[in-house]
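K.L.:
Its first residue numbered 952, the sequence shown is counted upward by one per residue in my numbering.
We put the beta carbon where it would ideally sit given N, CA and C, even for glycine.
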Amino acid sequence: MKKLVMIFVLSLASSLAFSQNSASINSSELKAGKSTGVYEFSVPESVTAEKVDAVKGYYKDYFSVAFNESTDKLKVTLTKNEDMNINVVNRLLVALDLRMVSVDGQEMTFQDMKDKYLK
């Protein structure tokens, strides 16, 4: 019995340790972003200004990033509204440990979001 409890506790701990954070955006914002090149994601509190500042410089050829830590909003403004720049937004999110995107409450990968809303 002790072994079963220990296995359960370890499996629960490992699943929590590898849980994934997600960015959120709604479909109307994606539709607007498709024409304007501006996307505003809600991110979890685990994303800090320090983390954003540490990675945003790598992507300045593709977009600019503004982060409001008090509202947990990450605003991405593409330098050119092109497919390549949109793909690089995924790199930014992954660098911030945001592997999934929630659109209108539906969790999906960035590629699935792009295919469904930005093509």
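The beta strand (DSSP E) that contains N977, what's its start and end?
P.N.:
Neither: N977 is in no beta strand (DSSP E) and is coded neither H nor E.
K.L.:
For the alpha helix (DSSP H) holding K1067, just list the boundary residues, first then last.
P.N.:
Unbroken alpha helix (DSSP H) run through K1067: 1061 to 1068.
K.L.:
Using 8 Å as the Cβ pair cut-off and three pairs as the minimum, do the region 1046 to 1057 and the region 989 to 1009 touch?
P.N.:
Yes: at least three Cβ pairs fall under 8 Å.
K.L.:
Excluding the five sequence neighbours on either side, which residues of its own chain have a C-beta within less than 8 Å of the C-beta of V1003, listed in chain order?
P.N.:
Closer than 8 Å at the Cβ level, and outside the excluded window around V1003, lie V1016, F1018, L1025, L1047.
K.L.:
Could you pull the DSSP bridge partners for M1051 from this structure?
P.N.:
Answer is S973.
K.L.:
In whole angstroms, what is the alpha-carbon distance linking T1030 and Y1010?
P.N.:
Cα to Cα, the separation comes out at about 10 Å.
K.L.:
Whole-angstrom Cβ separation of K1007 and L1069, contact assumed at under 8 Å?
P.N.:
Their Cβ separation, rounded to whole angstroms, is 21 Å, which puts K1007 and L1069 out of contact at 8 Å.
K.L.:
In angstroms with no decimal places, state the Cα-to-Cα distance between S965 and M1035.
P.N.:
Residue placement at S965 is flagged as unreliable, the pLDDT there being 46, under the threshold of 50; the coordinate-derived value follows with that caveat. The alpha-carbon atoms of S965 and M1035 are separated by roughly 35 Å.
K.L.:
Check for me: the alpha helix (DSSP H) holding K1011 runs from which residue to which?
P.N.:
First-last for K1011: undefined, no H or E at that position.
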